[in-house]
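Trainee: Structure provided below as structure tokens; questions to follow.
2 protein chains.
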Amino acid sequence: MNIINNQKTTPQLSGSSIEEKRAELKDYFRNTWATYESLFSLINHDEAYYLRPEPLRHPLIFYFGHTATFYINKLILGKHITQRVNNKIEACCAVGVDEMSWDDLNSEHYDWPSIDEVREYRMQVFTLINQLIDTMALSLPIQQNSLAWLILMGCEHERIHIETSSVIMRMLPISSLTEPCNENKQWQSCPDFSSSPNNELLSVPEQVMILGKKSADKTFGWDNEYGELSVKVTQFNASKYLVSNQEYLGFIEAGGYQNATYWTSEGQQWLIFSKAEMPRFWRKNSGEYYQRNLLNEIPLPMNWPTEVNYLEAKAFCQWKSEQTQLNIALPTEAQWACVRENLVGDTCDWLQAPANINLAHYASSCPVDKFSAGEFFDVIGNVWQWSESAIDGYDGFKVHPIYDDFSTPTFDGKHNLIKGGSWLSTGNEAIKSARYAFRRHFTQHAGFRYVENFDGKIPTTPVNRYETDTEVCQQLDSHYGKTQLNQINYQQQISSSVLDNMTKYKVNAEKCLNVGCSVGRTAFELSSFFQHIDAIDFSARFIQYGVQLQQQQSVRYTSVISGDIVDFNEVSLAQLPLCIKSNNILFSQGDGCNLKVTFDQYDAVVIEHALEKSYQPKVLLTTVSKRLKIGGLLFVISDFQHSTKYTEKSNWLGGLKVNGENVSGFDELCQRLSNNFELLNEVPLTRVVKQNQCTYIVTEIKMSVWQRLSE
Amino acid sequence: MNIINNQKTTPQLSGSSIEEKRAELKDYFRNTWATYESLFSLINHDEAYYLRPEPLRHPLIFYFGHTATFYINKLILGKHITQRVNNKIEACCAVGVDEMSWDDLNSEHYDWPSIDEVREYRMQVFTLINQLIDTMALSLPIQQNSLAWLILMGCEHERIHIETSSVIMRMLPISSLTEPCNENKQWQSCPDFSSSPNNELLSVPEQVMILGKKSADKTFGWDNEYGELSVKVTQFNASKYLVSNQEYLGFIEAGGYQNATYWTSEGQQWLIFSKAEMPRFWRKNSGEYYQRNLLNEIPLPMNWPTEVNYLEAKAFCQWKSEQTQLNIALPTEAQWACVRENLVGDTCDWLQAPANINLAHYASSCPVDKFSAGEFFDVIGNVWQWSESAIDGYDGFKVHPIYDDFSTPTFDGKHNLIKGGSWLSTGNEAIKSARYAFRRHFTQHAGFRYVENFDGKIPTTPVNRYETDTEVCQQLDSHYGKTQLNQINYQQQISSSVLDNMTKYKVNAEKCLNVGCSVGRTAFELSSFFQHIDAIDFSARFIQYGVQLQQQQSVRYTSVISGDIVDFNEVSLAQLPLCIKSNNILFSQGDGCNLKVTFDQYDAVVIEHALEKSYQPKVLLTTVSKRLKIGGLLFVISDFQHSTKYTEKSNWLGGLKVNGENVSGFDELCQRLSNNFELLNEVPLTRVVKQNQCTYIVTEIKMSVWQRLSE
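Protein chains in written order, with this note's numbering: chain A, 12 to 722; chain B, 12 to 722.
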């Protein structure tokens with residue numbers, strides 16, 4: 012059987028027969044495994060396994076062992092097995108798939124196993140997985156927490172590495188690779204190449220794209236593919252063809268690699284590091300260009316798609332913009348999706364792949380005008396298409412617990428999405444919802460289509476990064492996360508006491524000032540009661556999340572489980588138990604010691620842990636208490652635990668000796684308010700801030716309630 | 012009436028008539044006040060109030076305002092009054108009574124009030140206190156938390172400053188002082204001086220001295236005077252007389268001030284700073300010595316007691332030892348008390364003072380052979396007597412909440428006790444239980460008696476300092492302090508689970524190893540169950556307190572209330588709820604990673620938060636688990652929250668990715684123990700560590716219980 016040209020498509024999760032599904036999973040596993048081994052069988056001498064043609068990546072021996080190791084590591088993590096198969100190989104071949112960066116090179120030395128050791132290891136793992144598939148409990152549809160899902164994950168993971176390994180092979184000396192002669196030629200490149208058609212821009216109408224895989228989708232997906240993002244895409248133009256080698260050559264011949272103005276600053280740094288003068292798989296010999304494919308080198312095929320990284324593609328677009336006086340850019344993820352609409356169906360629907368994908372046609376690129384879909388060509392396949400969009404989780408993103416670092420480390424604004432798959436994309440990679448991202452300098456079987464944006468701006472959405480600042484994360488978790496130690500949410504305790512007192516003392520609830528609003532929960536809780544709320548905090552680090560939530564965006568943060576291990580959390584207003592108005596809150600970064608005159612005439616002022624964080628707590632107290640209407644209520648929430656981190660000792664509000672005598676914060680507060688305020692009430696509050704999986708900071712304080720007296 | 016020669020004695024706290032007691036308190040207050048004013052009336056021109064004859068002390072204007080300010084500050088702190096009398100004076104005259112040190116000079120500038128302002132202020136305060144005494148609630152006996160106690164405290168405080176102010180006056184130019192002519196001469200020095208008798212050593216028999224004032228004592232006392240200390244004093248010799256000027260002159264003429272070998276290193280530093288060549292109140296003029304008294308200067312009175320600081324007295328003793336080849340030293344507090352036994356009764360018992368004390372005879376020293384008691388002279392009075400004992404609280408010491416820095420700042424090993432009182436000691440200062448301490452370089456109407464110790468060592472007891480290291484204090488509080496947040500004491504939780512499991516699994520309870528014993532509570536709790544316990548901790552900072560408690564000593568530590576304000580705590584084994592054996596515990600500083608071979612053959616090993624504090628937790632686990640007998644139980648208590656503060660990341664026991672996969676601490680523990688141990692049980696524990704008045708760190712963990720399997 013021609014294994015590589017008979018790629019199984021990624022299995023459906025549901026089905027009517029358990030045993031048929033078991034057999035299908037087993038077939039898919041074996042087809043994946045065999046394809047991987049077929050690829051590695053192209054290496055014709057052992058030394059080549061240990062070369063490092065790409066200094067940013069491990070040698071191929073790592074990848075040979077890695078996909079099998081992955082199964083074992085995940086099986087152990089999922090507690091499906093308890094014993095390792097081979098400690099040494101599993102330690103060597105686990106980490107460092109993607110060095111991520113040319114700017115953080117790891118020069119560590121590895122003691123690699125022999126090829127025979129890895130072959131034997133692979134055989135042991137192969138046997139083990141076959142047995143597991145035969146004997147595992149299986150129910151349909153396959154759930155994300157099941158062993159079957161984990162097997163699928165192993166398969167899809169191996170399919171990714173078929174592709175990334177093949178990229179490294181394209182960097183080995185050609186002499187290291189031959190297709191074994193005892194088989195039919197399976198890994199042959201496309202024989203057709205000639206000059207390129209002229210590219211042109213085609214119009215794509217305005218439309219709303221709903222991105223993201225549904226949780227009930229019929230196939231396996233990686234965690235970042237789930238969730239939902241609705242994007243209104245305005246009309247734009249997109250190039251009919253992927254950019255061909257010929258079109259890209261124009262950029263090179265115009266001195267594009269020598270002209271820094273076309274390159275982003277990241278691109279310029281990469282040029283200095285890489286000394287690149289042309290795409291990675293081009294060669295120049297006696298004035299003639301050649302292209303290195305997997306197994307051969309051919310005169311530069313002008314009508315094949317050019318293969319570049321994002322930084323090169325972006326520079327090309329800059330040059331193209333200059334040439335055409337148009338706003339040429341790469342497509343965003345949503346723009347790519349609009350173009351993808353020209354193709355009906357998905358892998359599972361097609362008898363014959365309508366594109367150069369899934370190893371269905373060639374083991375290389377092919378001409379850019381070979382596979383059409385509507386007016387466009389290569390809507391999918393041939394080479395991956397770089398996008399302008401840095402990868403991010405969709406709303407509702409949840410980390411898969413068995414592979415918590417598949418996606419989240421890439422949500423850093425430095426990893427851009429590639430879409431559409433290449434000739435070697437199989438399994439999940441080949442389907443419509445596939446969504447992979449790499450560092451922008453990364454080499455892949457990847458090129459690009461360009462677009463023209465009419466309003467000049469590239470319509471990307473900002474990355475919703477996971478906040479990692481410990482202090483901010485703990486605030487977010489305390490305000491919006493699960494309640495802890497059986498205590499009511501702290502901001503709910505505060506706001507319900509504020510409301511009780513406003514009602515009890517019959518104070519009109521028009522305007523409220525929340526000083527020290529932090530990430531905003533108290534303001535949101537109070538918003539249904541007051542007509543207007545000014546919520547201020549000294550630090551924009553906190554305020555920004557109040558604003559983000561107010562804009563109906565979700566907020567993401569990490570929380571420490573233990574040591575380096577973190578949890579990934581997403582919160583949004585919609586999840587909160589209360590019906591919250593939020594358009595009557597004005598969040599501002601502000602200094603309570605120096606309030607603008609417009610912050611005035613409040614019915615209530617809530618000072619929320621602002622005194623102990625202020626550089627001038629006494630001034631803050633005076634400043635904000637003056638902004639109350641006569642009869643208005645002042646709520647003071649403070650632990651009075653001053654520290655020189657925030658406040659010079661001479662400015663402390665108590666907690667020290669004054670003229671030789673101990674003065675507590677509350678004493679000092681009473682002293683300062685007694686002339687103009689009456690103390691109405693003291694309300695006990697308990698605050699819990701989770702530090703990690705097992706540690707909590709509990710604070711027990713009293714909120715004091717004061718009424719402003721007439722002068 | 013001659014005010015100064017008619018000193019009231021400090022009032023008794025009990026009595027049969029409230030109104031008589033009220034009158035007595037008022038008399039005592041007024042007598043104190045009048046004596047203070049009489050002393051200040053000796054200053055004959057206003058500029059003298061602002062001179063600073065002693066650069067380590069404030070000018071006299073401070074002291075003139077200070078004793079009145081003290082009443083107001085304490086009345087406000089005690090919430091007996093709410094309004095200050097004079098903000099400015101009370102801010103100026105509150106702090107800096109005793110600069111404490113010639114090595115931390117404060118050169119701050121003060122804007123002193125005028126004398127008339129202070130006089131007016133004193134009059135206002137005088138009126139206020141009189142009114143308070145007239146109207147205050149009074150019950151008998153007077154309790155420490157009453158307003159009457161606070162009034163007494165103000166009186167005794169003023170009496171202290173009669174004496175310290177007079178010391179500063181002795182430093183003013185004589186021309187600044189005259190006794191007002193419109194009164195009887197009250198402040199006259201003793202007219203008798205001639206040559207000195209030869210001193211000699213008299214034997215004092217061995218005896219047990221019980222020091223410390225009982226809480227039910229009949230008079231007011233400062234906090235440091237209460238409690239109990241029982242000291243067995245072995246036989247020693249003491250000098251019959253205080254050291255006279257003549258005896259001290261021998262030291263000077265022998266070049267004592269020029270010979271560093273007689274001086275402690277502190278003494279040598281003081282000599283460099285002070286450039287002293289003789290006692291502070293001596294003058295040398297044309298080869299003749301003179302002595303400055305309060306109002307006059309006289310030829311050096313050879314038979315009066317010499318007046319020096321501790322450092323000078325100590326140097327004299329060194330010289331005297333060299334001269335006599337005896338072990339000459341100053342008396343300890345207990346040795347002084349033995350000599351005091353020669354005098355029967357106390358101030359309240361005497362119709363005529365049997366010593367030069369309480370202003371009963373002179374306003375100066377008098378000859379050292381004038382007042383005898385048994386074989387000795389000047390057992391009390393004439394001048395204070397420096398002791399070898401640094402001040403410390405007795406067992407059971409409790410800070411008085413209204414004056415929390417009267418004593419505790421002096422419990423630093425740098426303040427030595429002076430005993431016996433001087434000619435100007437009145438009120439509490441004059442009674443037997445009086446106990447004052449000053450920095451060793453401090454000038455007072457103070458001299459010394461010397462003793463001979465037969466075994467060569469000076470029998471002082473070490474100062475039981477208040478621990479202030481935050482981490483150690485929190486451990487002490489968590490182990491021995493009040494339980495918090497309604498949780499059972501954490502070490503009791505641990506030990507009762509250990510005992511339950513030992514019983515349940517029928518393991519013999521002979522030998523136990525407690526690794527990470529910290530300040531020792533778990534070991535004490537387990538001590539009644541096991542025959543022997545080895546309790547080890549990596550840090551001697553913690554261990555020392557286990558040892559101290561085991562030796563039946565009390566342990567003192569501070570706990571933060573808020574900011575700089577701390578509480579003072581004392582704990583001892585006797586206070587613990589359980590009947591605790593402790594002589595079967597061996598506390599040792601030890602490294603769990605590198606245990607001596609003798610630490611072996613345990614029935615139980617309790618690892619108590621040692622893994623997360625170890626530099627090599629994996630090695631620690633292996634090392635200690637090997638020391639169990641077959642069938643013995645291993646108790647692992649850890650939050651597995653490693654930090655690079657203690658542990659290099661490569662040594663963490665979980666809490667990070669290992670070969671690319673998350674490994675929790677418990678996973679890693681199971682992995683490492685699974686071959687030789689069976690997991691029997693997991694017990695939930697809750698630890699609460701109080702950080703300050705309102706903040707707690709709560710940790711919820713599971714203790715895992717493992718049984719060692721046969722090989």
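In this text, a Cβ means the ideal position worked out from N, Cα and C, and glycines have one as well.
Predicted model, so just to flag it, every value in this text is computed and none were measured.
1. Residues of chain A with CB closer than 7 Å to the CB of I712 (chain B), please, in chain order.
2. List, in order along the chain, the chain A residues whose C-beta lies closer than 9 Å to that of A265 (chain B)?
3. Any C-beta of chain B within less than 8 Å: which residues of the region 556-582 of chain A qualify?
4. Quick check on DSSP: helix, strand or coil for Y613 (chain A)?
5. Can you say whether H56 (chain A) is buried or exposed, counting buried as having 16 or more other CB atoms within 10 angstroms of its CB?
6. DSSP puts M714 (chain B) in a beta bridge; with which residues?
7. Any beta-carbon of chain B closer than 8 Å to the one on W123 (chain A)?
8. Chain A partners of F651 (chain B), CB-CB under 7 Å?
9. Is K668 (chain B) close to chain A? Criterion is C-beta to C-beta, closer than 8 Å.
10. Is P310 (chain B) helix, strand or coil when you go by DSSP?
11. Pull up the distance between the alpha-carbon of Q704 (chain A) and that of F646 (chain B), whole angstroms please.
12. What three-state label does DSSP hand K295 (chain B) in the structure shown?
13. Tell me, please, which residues DSSP counts as bridged to P316 (chain A).
14. Report the partner residues of M220 (chain A) according to the DSSP bridge assignment.
15. How about S25 (chain B) and P152 (chain B): do their beta carbons lie closer than 8 Å?
16. Below 8 Å on C-beta distance, what does L88 (chain A) contact in chain B?
17. Beta carbons nearer than 8 Å to chain B: which residues of the region 485-496 of chain A have them?
18. On the criterion of 16 or more Cβ atoms from any shown chain inside 10 Å, does E693 (chain B) qualify as buried, or is it exposed?
19. For I708 (chain B), go through chain A and note every residue whose CB falls closer than 9 Å to its CB, in chain order.
20. Checking contacts by CB at 8 Å: is G665 (chain B) closer than that to chain A?
21. Am I right that T710 (chain B) and T706 (chain A) are in contact with their C-beta atoms under 8 Å? What's the rounded C-beta distance?
22. Mind checking if V106 (chain B) is an interface residue toward chain A, Cβ cutoff 8 Å exclusive?
23. Would you report the Cα separation of V582 (chain B) and V518 (chain A), rounded to the nearest angstrom?
24. Can you check whether the CB of V390 (chain A) is closer than 8 Å to the CB of V215 (chain A)?
25. In this structure, does DSSP put D57 (chain B) in helix, strand or coil?
26. For the ligand ATP, is there a heavy atom less than 7 Å away from the beta-carbon of E211 (chain B)?
27. May I ask you to verify whether the region 440-447 of chain A touches the region 596-605 of chain A, counting CB pairs closer than 8 Å and requiring at least 3?
28. Considering only the beta carbon of each residue, do G89 (chain A) and I618 (chain A) sit closer than 8 Å?
29. Name the one or two DSSP bridge partners that S383 (chain A) has.
30. Give me the Cα-Cα distance between T275 (chain A) and F292 (chain A), rounded to the nearest whole angstrom.
31. In the structure shown, what three-state DSSP assignment does A345 (chain A) receive?
32. Alpha carbon to alpha carbon, how far is F535 (chain A) from I72 (chain B)? Give it in angstroms, no decimals.
33. Could you give the first and the last residue of the continuous beta strand (DSSP E) run that contains A546 (chain B)?
34. Cα-Cα, which of A:A159, A:D127, A:I499 is closest to T21 (chain A)?
35. Can you name the residues that DSSP bridges to N703 (chain A)?
36. Using three-state DSSP, classify I442 (chain B) as helix, strand or coil.
Mentor: Taking the coordinates as given:
1. C705
2. What A265 (chain B) touches in chain A: nothing, since even the nearest Cβ is about 44 Å away.
3. Taken in chain order, the members of the region 556-582 of chain A whose beta-carbon sits within less than 8 Å of a beta-carbon on chain B are I572, S573, G574, D575, I576.
4. Residue state, collapsed to three classes: strand.
5. exposed
6. B:V694.
7. no
8. S573
9. yes
10. strand
11. 21 Å
12. It is a strand residue.
13. Answer by DSSP bridge pairing, in chain order: A:S255.
14. A:V242
15. Yes.
16. E672, N673
17. L496
18. exposed
19. Q702, T706, Y707, I708, V709
20. yes
21. 5 Å
22. yes
23. Between V582 (chain B) and V518 (chain A), the C-alpha separation is close to 51 Å.
24. no
25. helix
26. By its list of ligands, the structure shown contains no ligand whatsoever, and the ligand ATP lies outside what it can speak to.
27. Cβ pair count under 8 Å is below three, so no.
28. no
29. A:F388
30. 22 Å
31. helix
32. 58 Å
33. 543-548
34. A:A159
35. A:T706
36. coil
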